[in-house]
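Participant:
2 protein chains.
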Amino acid sequence: MEEEFVVTPWEVRGRVDYEKLLKHFGAKPLTKDEVALLEKYAGEVHPLIRRGFFYAHRDFDFIMKWHGEGRPWALYTGRGPSGPVHIGHMVPWILLKWFSDKFGLEVYFQITDDEKFYDDPEMKLEEATNWAYENALDVIALGFSPERLHLIIDTKDIKPLYPIAVRVAKKLTWNTVKATFGFTDSTNIGLIFYPSLQIAVAFLPTELRREATPVLIPCAIDQDPYFRLARDIADALGYPKPSTLYSKFIMALTGESKMSASNPDSAIYTLDDEKTVRRKVMNAFTGGRPTAEEQRKYGGNPEVCPVFHYHMLFDPDDASVEKIRQDCKSGALLCGECKLKLHEKITKFLKEHRERREKARGKVDEYRLSVKLSK
Amino acid sequence: MEEEFVVTPWEVRGRVDYEKLLKHFGAKPLTKDEVALLEKYAGEVHPLIRRGFFYAHRDFDFIMKWHGEGRPWALYTGRGPSGPVHIGHMVPWILLKWFSDKFGLEVYFQITDDEKFYDDPEMKLEEATNWAYENALDVIALGFSPERLHLIIDTKDIKPLYPIAVRVAKKLTWNTVKATFGFTDSTNIGLIFYPSLQIAVAFLPTELRREATPVLIPCAIDQDPYFRLARDIADALGYPKPSTLYSKFIMALTGESKMSASNPDSAIYTLDDEKTVRRKVMNAFTGGRPTAEEQRKYGGNPEVCPVFHYHMLFDPDDASVEKIRQDCKSGALLCGECKLKLHEKITKFLKEHRERREKARGKVDEYRLSVKLSK
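Order-wise, the sequence lines are chains A and B. Here this note's numbering is used: the first residue of the first sequence is 2, the next is one more, and so on. Here this note's numbering is used: the first residue of the second sequence is 2, the next is one more, and so on.
Shown next, in the form of structure tokens:
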């Protein structure tokens with residue numbers, strides 16, 4: 002019997018079968034044809050794509066060809082500010098930054114404090130908005146300039162978004178959003194309306210530039226339902242369809258398919274201190290054998306190992322990652338040593354990140370779209 | 002068998018039984034006790050209340066006593082900009098202006114271009130927003146200063162409203178709005194969210210002044226479902242409950258319970274030219290007899306007569322209105338003459354109104370709340 006799993010924008014449960022999920026959503030696997038197109042225009046392919054972490058798409062080929070014709074496009078992704086950012090959240094943003102740099106693109110980054118407030122009965126709106134500002138620091142810390150990065154904190158930057166969201170909302174019925182998002186009779190009307198806002202950002206660059214400006218949306222696969230709807234209604238609204246590039250989920254340190262906010266040990270947060278990072282890495286679930294002896298004899302299984310997963314995500318050097326994989330499988334590399342290597346990489350990443358993050362403090366408003374538009 | 006009727010914020014059908022409607026909604030009839038309270042603080046009672054056109058309320062006594070304690074309050078009403086304003090629309094606004102003058106109150110006036118766009122499959126958003134600006138001229142023409150009147154055109158002034166609407170939306174489920182407004186599976190998610198915005202304005206003065214500032218909402222009885230919900234959730238959100246004052250509908254010139262946008266002859270629009278006004282008044286349905294002879298013999302019925310209804314609404318002189326009523330009933334006044342009297346009153350009202358309306362052109366933004374807040 003097949004293992005069951007559930008993936009919605011608000012929940013990932015069970016061990017995810019990514020191919021099955023793709024089929025269910027109706028998105029396409031990213032093939033060597035699309036990757037070749039990317040390489041043609043970018044000159045190289047980012048490791049997160051090369052290594053299959055970003056593995057699916059809608060119309061990625063379309064937007065590459067659009068770029069090839071010299072036409073304008075933009076990037077769009079977002080963050081639900083339910084709490085602190087963990088390094089898993091940052092992985093798609095790293096790719097976002099890469100695209101922005103390689104193609105000289107503006108980035109529309111939505112921070113959905115309204116949605117997180119709607120979704121969590123215990124959350125106060127002020128809390129969600131505070132998290133939005135805190136999380137924005139992590140985005141800015143990736144090195145974006147205020148010219149390139151446009152932050153949209155929903156409750157603060159609603160003005161340019163709302164008229165587009167209104168047009169979107171008229172196209173979506175209760176029936177449609179109920180079926181798409183699994184809403185129930187007791188879903189609040191904020192969450193019911195919210196898809197209009199997430200979809201609206203996909204059309205915002207076209208509205209602001211007053212010419213067709215499709216977006217590429219790099220995000221996790223669970224966001225596909227929003228953008229499938231966006232693509233369904235784009236034509237009728239006179240906007241170009243958004244293209245998407247979907248990642249798998251970041252494996253939890255505990256070995257589950259996705260990190261969970263309810264278990265802080267399942268993820269490494271950008272503000273975890275060194276001691277905490279070390280503890281979390283050293284306590285992580287692995288694909289290793291119960292004893293060092295067995296590990297040396299039979300080797301480990303990097304495919305189910307979150308420690309290897311993180312090496313894959315954070316080590317830009319293909320040879321280094323491949324060596325870890327082989328040494329794990331051969332039994333030459335034991336889990337303790339492998340964890341220490343990872344700890345070193347993450348500590349280095351976080352140290353630099355936190356310095357840049359603190360430099361961004363107090364500057365969030367310079368990046369906010371509506372602040373810029375009102376000038 | 003009783004005659005059936007339907008009243009929702011989007012539809013009035015059949016001959017309305019106002020007492021039954023009140024009972025159905027659960028609002029209270031306006032009694033001499035409340036009117037006496039009003040007279041105590043205002044020094045007089047406006048004819049529209051004295052003559053029973055405003056006939057019901059929720060907590061009108063509460064807000065009078067609140068005023069008696071010297072505490073701050075404000076006025077709130079609105080307009081759905083689906084087309085041009087007719088003089089029926091203006092009747093509650095006339096009372097609004099009276100309250101504002103008598104009590105020195107600020108007025109929050111919401112113009113719901115989003116709602117009208119959602120509700121009409123044929124309407125474009127630009128059209129609804131254009132109507133919002135056009136209709137705003139009719140409101141300003143009543144003589145409001147920009148200090149007293151705060152216009153909120155939803156798609157333009159969403160910024161101060163949205164964070165409140167978000168808190169409201171979290172408190173309202175699909176179940177609740179479905180039952181309250183009769184939404185169906187094919188209702189669009191814009192209309193589903195919209196009640197949050199109409200309710201949010203009731204809490205806006207408290208938010209802006211940072212102290213409990215309840216509102217009095219003079220409006221037609223069909224708006225009660227919104228404000229019943231507003232009152233249900235006010236406590237939980239830490240806002241004072243809004244008070245309401247409900248009018249009956251303006252009788253159509255054709256004799257139905259409410260004017261209808263689909264039949265332009267049922268209403269007199271503020272921009273109708275003199276010839277059109279004359280034609281509409283002279284062609285109006287009346288409570289008179291088929292022949293002048295019968296009218297002289299048996300008298301007419303002013304209670305079912307839209308012509309008398311308009312005398313009642315637009316003639317401030319009680320004695321004059323009473324004379325028309327008696328002369329109609331006695332048969333001394335024939336319909337033709339009565340219509341000419343009405344035509345004279347309306348023509349005078351419209352002439353002055355249109356002059357003030359044109360003076361307001363180009364000044365709408367001075368009245369818009371978010372424009373004022375951004376200064």
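The beta-carbon is built from N, C-alpha and C at its ideal position, and this holds for glycine as well. Computed from a predicted model, the values in this text were never measured in an experiment.
(1) Under 8 Å between the Cβ atoms of Thr-113 (chain A) and Val-167 (chain B)?
(2) Let me know the secondary structure DSSP gives Pro-219 (chain B) once reduced to three states.
(3) Check whether chain A comes within 8 Å of Ile-154 (chain B), counting only Cβ atoms and requiring the distance to be less than that.
(4) Taking just the CA atoms, how far does Ile-347 (chain B) sit from Gly-183 (chain A)?
(5) Under 8 Å Cβ to Cβ from Ser-258 (chain A), same chain only, skipping five residues before and after it: list those, please.
(6) How would you list, in chain order, the residues of chain B whose beta-carbon sits under 8 Å from the beta-carbon of Phe-184 (chain A)?
(7) Grab me the residues of Gly-239 (chain B)'s own chain with a C-beta within less than 6 Å of its C-beta, minus the 5 sequence neighbours each way, in chain order.
(8) Taking the continuous alpha helix (DSSP H) assigned at Val-282 (chain B), which residues delimit it?
(9) Run through chain B and tell me which residues come within less than 8 Å of Thr-188 (chain A), C-beta to C-beta.
(10) Quick check on this structure: which residue in B:Ala-320, B:Gly-27, B:Arg-229 has the alpha carbon closest to the alpha carbon of Gln-199 (chain B)?
(11) May I ask you to list, following chain order, the residues of the region 136-170 of chain A that have a beta carbon less than 7 Å from some beta carbon of chain B?
(12) For the region 194-225 of chain B, list every residue whose C-beta sits within 8 Å of some C-beta in chain A, in sequence order.
(13) Could you list which residues in chain A have their beta carbon closer than 9 Å to that of Tyr-119 (chain B), in chain order?
(14) Between which two residues does the beta strand (DSSP E) containing Gln-111 (chain B) stretch?
(15) Between the Cα of Leu-335 (chain A) and the Cα atoms of A:Pro-122, A:Tyr-299, A:Glu-353, A:Ala-361, which residue gives the shortest distance?
(16) If we require 3 or more residues per run, which beta strand (DSSP E) segments fall completely within the region 211-256 of chain B?
(17) Is Val-305 (chain A) close to chain B, meaning its C-beta is less than 8 Å from at least one C-beta of that chain?
(18) What in chain A is Cβ-close to Leu-126 (chain B), meaning under 7 Å?
(19) My output table needs one value for Val-46 (chain A): the three-state DSSP class, helix, strand or coil.
(20) Do Ala-268 (chain A) and Gly-81 (chain A) count as a contact pair if the criterion is CB distance below 8 Å?
(21) Start and end of the alpha helix (DSSP H) containing Glu-356 (chain B)?
(22) Since Tyr-227 (chain B) and Pro-196 (chain B) are thought to touch, with beta carbons under 8 Å apart, how far apart are those beta carbons, to the nearest angstrom?
(23) Tell me, please, whether the CB atom of Met-2 (chain B) is closer than 8 Å to any CB atom in chain A?
(24) If we count the other Cβ atoms within 10 Å of its Cβ and call it buried at 16 or more, is Ala-170 (chain B) buried or exposed?
(25) Ordered along the chain, which non-local residues of its own chain (more than five positions away) have a Cβ less than 7 Å from that of Met-2 (chain B)?
(26) Give every residue of the same chain whose Cβ lies closer than 7 Å to the Cβ of Leu-343 (chain B), excluding the five residues on either side of it in the sequence, and list them in chain order.
(27) When DSSP labels each residue in this structure, what does Met-2 (chain A) get in the three-state scheme?
(28) With a cut-off of 8 Å, do at least 3 Cβ pairs link the region 210-222 of chain A to the region 54-69 of chain A?
(29) DSSP three-state call for Pro-196 (chain B): helix, strand or coil?
(30) Give the range of the beta strand (DSSP E) segment to which Val-1 (chain B) is assigned.
(31) What residues in the region 344-366 of chain A have a beta carbon less than 8 Å from any beta carbon of chain B?
(32) Can you pull the chain B neighbours of Asp-115 (chain A), defined as C-beta to C-beta under 7 Å?
(33) For a test of the three-state rule: what should DSSP assign to Phe-54 (chain B), helix, strand or coil?
(34) Going along the chain, which residues of its own chain have a beta-carbon closer than 6 Å to the beta-carbon of Phe-55 (chain B), five neighbours each way excluded?
(35) Which residues of the region 77-106 of chain B have a Cβ closer than 7 Å to any Cβ of chain A? Give them in chain order.
(36) Once DSSP output is grouped into helix, strand and coil, what is the label at Lys-75 (chain A)?
Facilitator: Here's the rundown:
(1) no
(2) strand
(3) no
(4) 55 Å
(5) Phe-6, Val-13, Gly-15, Arg-16, Val-17, Phe-250, Met-252
(6) Trp-175
(7) none
(8) 275-283
(9) Thr-174, Trp-175
(10) B:Arg-229
(11) Thr-156, Ile-159, Lys-160, Tyr-163, Pro-164, Val-167, Arg-168, Ala-170
(12) Phe-194, Pro-196, Ser-197
(13) Val-167, Ala-170, Lys-171
(14) 108-112
(15) A:Tyr-299
(16) 216-221, 244-248
(17) no
(18) Pro-164, Val-167, Arg-168
(19) coil
(20) no
(21) 336-361
(22) 6 Å
(23) Because Met-2 (chain B) sits at a pLDDT of 36, beneath the cut-off of 50, its placement in the model cannot be relied upon, and the following sentence gives the value as read from the coordinates. Not an interface residue.
(24) buried
(25) With a pLDDT of 36 at Met-2 (chain B), under the threshold of 50, the predicted position of this residue should be treated as unreliable, and no value is reported.
(26) Val-282, Val-308, Tyr-311, His-312
(27) Only weak support is given to the placement of Met-2 (chain A): the predicted model assigns it a pLDDT of 35, under 50, and the question is left unresolved by the model.
(28) yes
(29) helix
(30) Here chain B comprises residues numbered 2 to 376, so residue 1 (chain B) is not present and cannot be evaluated.
(31) none
(32) Val-167
(33) coil
(34) Leu-49, Leu-246, Ser-248
(35) none
(36) Note on identity: in this sequence residue 75 (chain A) is Ala, with Lys being the wrong assignment. Note: Ala-75 (chain A) maps to strand in three-state DSSP.
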